[in-house]
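Residue numbers (my numbering), protein chains in the order written: chain A, 1088 to 1586; chain B, 1088 to 1586.
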């Protein structure tokens, strides 16, 4: 078999895996949006069956054989192929590291715990969750150790690498320590600064779902969302899902408050335009996929935080928002809407957190999950550790575990190593946007006029069209001339929240 | 390996196939209802990939081996298992009869022709369709010949057997000849009779989609549609799809005429309650599936034609319909609505045909498709043969092929052997309903009061809960005490249309 034919066989195999994963993604979307409740268990079986098929293909010994046959010598094959082979190898290594029994055991532990979590959260009963959360942590630890040998990484770094290839805890430690120090002074300054500013004038509802939907669609269109290759629907927890040429974002509407749904739509739109901009000729191949969860989050946060919560954007958006809800008075003016969208206030709940306090929620979770995985923290001690961390980072103590360590679904569903990507994404977003502003002529002026084409083009050529050709670090460096740099994020915060 | 363990292995395999087929069904539904147009080709690949996986499992040599190990001796294992094994064998035989290359060739020919058909129909250009339709017929013939040897049936009977197990052309010939003779006199009598009746008073629209939807939901609920295990949505061509505990029906709304959408919803509801009533403990097994397309159609037609177009139903429904659209005047009274829903008028289009003329459309298609498959009719001669048949059966001649042999998607998509199930279903529906009326106390009285529970229970215990335990003939005989009997259908027509 020639080297080329081995490569082509790999391409076919990964294409097949990608297609099955796309089918899974649509079934997942359906489950979260419109599926009748009575078919939950049938759907679980469909998803499990297809996941096993996909996993069986990805772990097939034939892939190892084929990978061995292909020469990785970078001089001989083009860089896209090299990156594709690296992506193939990485995915295969991750998958074969975990024995089939452990995969099953993990899936079982995660679904049990996830189910019990709903009850525990609702009833504020951490003790009830403890045994199943313990199981999840044990099996996650086992998985991370199994991967560790094959990947040559520490167990926790194997978990990180699942979500963001190349992401390592050493780097995160450094960034998070730096930012914790920064925050300890900055947060107080912001609170002090805001206390001297005019109060936010509240917006009076109700705001009909129809009007909210129309407004969201208007801005999605402005940002170039391609409706011939995507949809927006409603789900309990907003997400961006779907597959190739079929990107499906969701939101939820609150008739008393349109503001968070609107930003949610713009956030998911950022994810969606990344997916839409991936290189079509590398569809279904590892190199044609998005570069990892942190880079994905950078695209949603670039849109939501960097662009849409900026004063420039509000100059454009405020009159449109006002018209959409037939608003009148000061509450609907640029200044007030901008103030509303940049209000900072330490709170217990991560998903409701503002841009300034959000990283504190992540730093806490990152440290706790590392300690849980390394067995330095027992599950029984989690609530106390959580509350101490909140007090230390944000100066507030949750009155109960539902507002504390029970709030997120991530750990009960087995997602360890995911949380850091939120903040790495926020840092990268600031850095990308900063570079775009430098490289494009009067970007903020354009945004204040509702012109987003040059920004979109910049994102397309610097990020989206690269797929996974470059590592996240290379991608950042090529686009911004710098490695991941927390200072740019901090400067952004200073400029936005102290002016 | 013990016999029992061989059986259990078969059950697992067919369960897996069933689960994959369910996933396919949901993706199919999504494609026909809400999928963005730009993902058509990605979706085709998903469906093709999953179909190949399902087909690979069904044709796996292991199934033959396992089937050989199980003793079919009816004395030794219970009748459900026997029927399940027969269903397994039948599905496996159908699948292995066709070589993989031919499966691919058929799929390719069908999709090309189906695509060209849209254009040919729109532009009334039969010549354009001829080459690809010829391909479809040739490959269908090849498939039917390949199956013929393994199944011990004539090639055309193999096609019939795909959709309705056990259905044979000899029987259909007999039934259709009988009915053609009946129709030749009866249709004239009905037209004569109706000409002496008061004219139908037209209903004046527009009828908002919202109101139509609400009305449809109301009747669906009346008939016991379980919304926790199903949905109703919109698609261009109404259908009943989805999977286990997730039955999804569709309709389309015309703001100028609610009547056909409403009956469409009730028709699909008949299909849906059949699916909902299948034996849960045999889920995903051949014996747990519906008994074939003719029996399926009998359930939709029993609801639509036997129940909902009856005078008794209209007594219940007319005031509800009137209220739904705030109607007033004679047009909205029972007599007029019943007259509207039982109006007979020969026309060119099958899907618009009334209950009396519908079988004529089917008889025509059945004869033509048999002749096409047996090579007794050349594709080039199809339009002329079609028009002659319409003239002979209904006394009308289509002015063009779009209103003639180009109207249906069935042949271009490779569905030969499907058409007869519509009329076999209509005959069975009359027979089942006739039996229910005899066995239940004052069923029509109950229906006129909007009480459908005893009918639903009768269908559940006599038909739905049987799955594929009995052959279609046995099912009919057990429920009605008679073999398939066209006379009961004809008596129903006489009683409804000449009184």
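Ideal placement from N, C-alpha and C gives every residue a C-beta, glycine not left out.
Given the structure is predicted, the values throughout are model-derived calculations rather than measurements.
Closest option to residue 1451 of chain B, judged by alpha-carbon separation, among B:1483, B:1388, B:1280: B:1483.
The beta carbons of residue 1551 of chain B and residue 1361 of chain B sit about 5 Å from each other, so the pair counts as a contact at 8 Å. The three-state reading of DSSP puts residue 1321 of chain A in strand, counting E and B together. Residue 1336 of chain B and residue 1539 of chain B have their alpha carbons spaced roughly 20 Å apart. At a cut-off of 8 Å between beta carbons, residue 1100 of chain A makes no contact with chain B.
No Cβ of chain B is located within less than 8 Å of the beta carbon of residue 1336 of chain A.
Excluding its 5 nearest sequence neighbours in each direction, residue 1235 of chain B has C-beta neighbours in its own chain below 7 Å: 1241, 1242, 1245, listed in chain order.
Assignment of residue 1174 of chain A by DSSP, reduced to helix, strand and coil, places it in the helix class. Exclusion of the five residues before and after residue 1199 of chain A leaves 1219 as the residues of its chain whose Cβ lies within less than 6 Å of its Cβ. If the five residues before and after residue 1230 of chain A are omitted, its C-beta is found closer than 7 Å to the C-beta atoms of 1185, 1189, 1193, all from its own chain and listed in chain order. By the rule that beta-carbons nearer than 8 Å mark a contact, residue 1109 of chain B touches chain A. In the three-state scheme derived from DSSP, where H, G and I count as helix and E and B as strand, residue 1139 of chain A is classed as helix. Residue 1492 of chain A: not part of any beta strand (DSSP E); DSSP gives it neither H nor E. Per the Cβ contact rule, the region 1262-1274 of chain A is not in contact with the region 1375-1388 of chain A (fewer than 3 Cβ pairs under 8 Å). What residue 1314 of chain B touches in chain A, judged by beta-carbon distance under 9 Å, is 1123, 1125, going in chain order. Between residue 1424 of chain B and residue 1405 of chain B the beta-carbon gap is near 5 Å, inside 8 Å, which marks them as a contact.
If you check the CB distance, residue 1145 of chain A and residue 1104 of chain A come in under 8 Å. When 7 Å is used as the limit between beta carbons, residue 1133 of chain A is near these residues of chain B: 1106, 1109, 1110, in chain order. Residue 1317 of chain A belongs to the set of residues whose beta carbon lies under 8 Å from a beta carbon in chain B. The three-state secondary structure of residue 1454 of chain B, taken from DSSP, is helix. The closest CA to that of residue 1440 of chain B, considering only B:1394, B:1237, B:1351, B:1459, is found on B:1351. With a threshold of 8 Å between beta carbons, residue 1195 of chain B makes no contact with chain A.
Taking a beta-carbon distance threshold of 8 Å, residue 1332 of chain A counts as an interface residue toward chain B. By the C-beta criterion, the region 1473-1483 of chain B is judged not to be in contact with the region 1205-1216 of chain B, since fewer than 3 inter-stretch pairs fall below 8 Å.
Between the alpha carbons of residue 1496 of chain A and residue 1201 of chain A lies a gap of roughly 7 Å. Spanning the alpha carbons of residue 1524 of chain B and residue 1579 of chain B requires a straight line of approximately 12 Å.
Segment contact: the region 1517-1531 of chain B against the region 1340-1359 of chain B, fewer than three CB-CB distances shorter than 8 Å; contact not assigned.
Residue 1287 of chain B sits away from residue 1417 of chain B, with the two beta carbons spaced by 8 Å or more.
The three-state secondary structure of residue 1338 of chain A, taken from DSSP, is strand. In the three-state scheme derived from DSSP, where H, G and I count as helix and E and B as strand, residue 1328 of chain A is classed as strand. In terms of Cβ geometry, residue 1515 of chain B and residue 1382 of chain B form a close pair [threshold 8 Å]. Residue 1473 of chain A: member of the alpha helix (DSSP H) spanning 1469-1481, first to last residue. According to the DSSP secondary-structure assignment, residue 1344 of chain B is paired through a beta bridge with B:1341. If you check the CB distance, residue 1302 of chain A and residue 1408 of chain A come in under 8 Å. Taken through DSSP and simplified to helix, strand or coil, residue 1333 of chain B comes out as strand.
Chain B has no Cβ within less than 8 Å of the Cβ of residue 1145 of chain A.
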